[in-house]
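Participant: Before I ask anything, here is the structure I am working with.
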Amino acid sequence: MSKMVTLTIDGIEVKVPEGSTILEAAKQANIKIPTLCYLKGINEIGACRICVVDVGVKNLQAACVYPVAEGMKVITNSPKVREARRVTLELILSNHDRKCLTCVRNENCELQGLAKDLQVDDIRFEGKTNEYSVDDFSDSVVRDPNKCILCRRCVSVCKNTQTVSAIETNERGFDTIVASPFDMSLKDTPCVNCGQCINVCPVGAL
Numbered sequence: 098m099s100k101m102v103t104l105t106i107d108g109i110e111v112k113v114p115e116g117s118t119i120l121e122a123a124k125q126a127n128i129k130i131p132t133l134c135y136l137k138g139i140n141e142i143g144a145c146r147i148c149v150v151d152v153g154v155k156n157l158q159a160a161c162v163y164p165v166a167e168g169m170k171v172i173t174n175s176p177k178v179r180e181a182r183r184v185t186l187e188l189i190l191s192n193h194d195r196k197c198l199t200c201v202r203n204e205n206c207e208l209q210g211l212a213k214d215l216q217v218d219d220i221r222f223e224g225k226t227n228e229y230s231v232d233d234f235s236d237s238v239v240r241d242p243n244k245c246i247l248c249r250r251c252v253s254v255c256k257n258t259q260t261v262s263a264i265e266t267n268e269r270g271f272d273t274i275v276a277s278p279f280d281m282s283l284k285d286t287p288c289v290n291c292g293q294c295i296n297v298c299p300v301g302a303l
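Residue numbers for the sequence shown, in the numbering used here: 98 to 303.
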C-alpha cells in the first residue's frame, strides 16, 4: 500500500499517495488548476507553465510535475499566481497566428478558452511570428505550423502512444517548430494517419 501524504491546497486538507503531483492532488480536492501542455501519462513535461502554483519557495512551480510533500501548503489562485499565468499566456499568444474568426477551432480552442478564463484581452508583448507553409499533402492530416503553440502534445502522443515518431521538435528559440524529421511532408514520413495528433492538439495547428 502506498504511503499517504497530507498537504493543504487553498486551505483544504488533501491526502494523496506519495509521488503524486500537485495537479493530481488538486483534482482529488476538486480544485481546478489550468493546464495547456499536460496530458496525463503522455505529456507531463511542465513546458507551458500555465499550471504554476505557489508552494512557499522562491519561484512558482508547475503543478503538473511538482511532487507533493508532507505538510506542503499550496496556493493556486493568488494575485501573484494569476498574474504569472496571464503573462505566460500573453507570451504564448504573442507568437501565435491569432486569426481566430477564420480558424476551424474557433470557440472550440483550449487557448481561446484559457484567454477568456484568465481575462487576457490585450497582449503587452510583441513576439516573433514566422511564416510557414501549410502541409496539406497527407491523406488525412493538415499541419499548420503558424498556429502551433509548441505544447508538444502531438509529439508525445505520436512517439509514446503510437510509437511512430512522425513529428518532432526542431530548431531552437523563436525558430522552434514542431515538424517532420528533415522538414519532410507528413505523407513522406511513417505517419499512419491515425489522427491522434489532431485529437490532442489544443489549437488549430492540426
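Ideal Cβ placement from N, Cα and C applies to all residues, glycine included.
Would you check if the distance between the CB atom of alanine 159 and the CB atom of leucine 190 is smaller than 8 Å?
Facilitator: Result no, Cβ atoms of alanine 159 and leucine 190 do not sit closer than 8 Å.
Participant: Could you check what DSSP says for isoleucine 106 in three-state terms: helix, strand or coil?
Facilitator: Residue state, collapsed to three classes: strand.
Participant: By DSSP's criteria, threonine 185 is part of a beta bridge. Which residues make up the other side?
Facilitator: Answer by DSSP bridge pairing: none, since threonine 185 is not bridged.
Participant: Is aspartate 233 close to chain D? Criterion is C-beta to C-beta, closer than 8 Å.
Facilitator: Annotation note: the requested chain D is absent from the structure, which comprises a single protein chain.
Participant: Start and end of the beta strand (DSSP E) containing alanine 276?
Facilitator: First-last of the beta strand (DSSP E) with alanine 276: 274-276.
Participant: For a test of the three-state rule: what should DSSP assign to asparagine 127, helix, strand or coil?
Facilitator: Looking at asparagine 127 - three-state DSSP - the assignment turns out to be coil, as it is neither helix nor strand.
Participant: State the DSSP-derived secondary structure class of glutamine 293, mapped to helix, strand or coil.
Facilitator: The answer is helix: DSSP assigns glutamine 293 an H, G or I state.
Participant: So, using beta-carbon positions, are arginine 250 and threonine 266 closer together than 8 Å?
Facilitator: Against a cut-off of 8 Å, the Cβ pair of threonine 266 and arginine 250 comes out as no contact.
Participant: Does the Cβ-Cβ distance between aspartate 107 and threonine 173 come in under 8 Å?
Facilitator: Yes; because the gap between Cβ atoms is below 8 Å, this pair is in contact.
Participant: Thinking C-alpha only, which one of Ala302, Leu303, Cys294 and Asp218 is nearest asparagine 140?
Facilitator: The shortest C-alpha separation from asparagine 140 is found at Cys294.
Participant: Check this for me: beta carbons of threonine 118 and glutamate 110, under 8 Å apart or not?
Facilitator: No, they are not a contact pair.
Participant: To which residues of the same chain is methionine 101 closer than 8 Å at the C-beta, ignoring the five residues directly before and after it?
Facilitator: Cβ within range, chain order: Lys112, Val113, Pro114 and Glu115.
Participant: Is it true that the CB of aspartate 241 sits closer than 8 Å to the CB of leucine 283?
Facilitator: Against a cut-off of 8 Å, the Cβ pair of aspartate 241 and leucine 283 comes out as no contact.
Participant: Can you check whether the CB of leucine 303 is closer than 8 Å to the CB of valine 238?
Facilitator: Yes, the pair counts as a contact, with Cβ atoms nearer than the cut-off.
Participant: To the nearest whole angstrom, what separates the beta carbons of valine 149 and arginine 182, a pair I think is in contact under 8 Å?
Facilitator: Valine 149 to arginine 182, Cβ: 6 Å. Contact.
Participant: Give the single residue among Lys124, Gln216, Asp194 and Cys145 whose Cα lies nearest to the Cα of serine 230.
Facilitator: The candidate whose alpha carbon is nearest that of serine 230 is Asp194.
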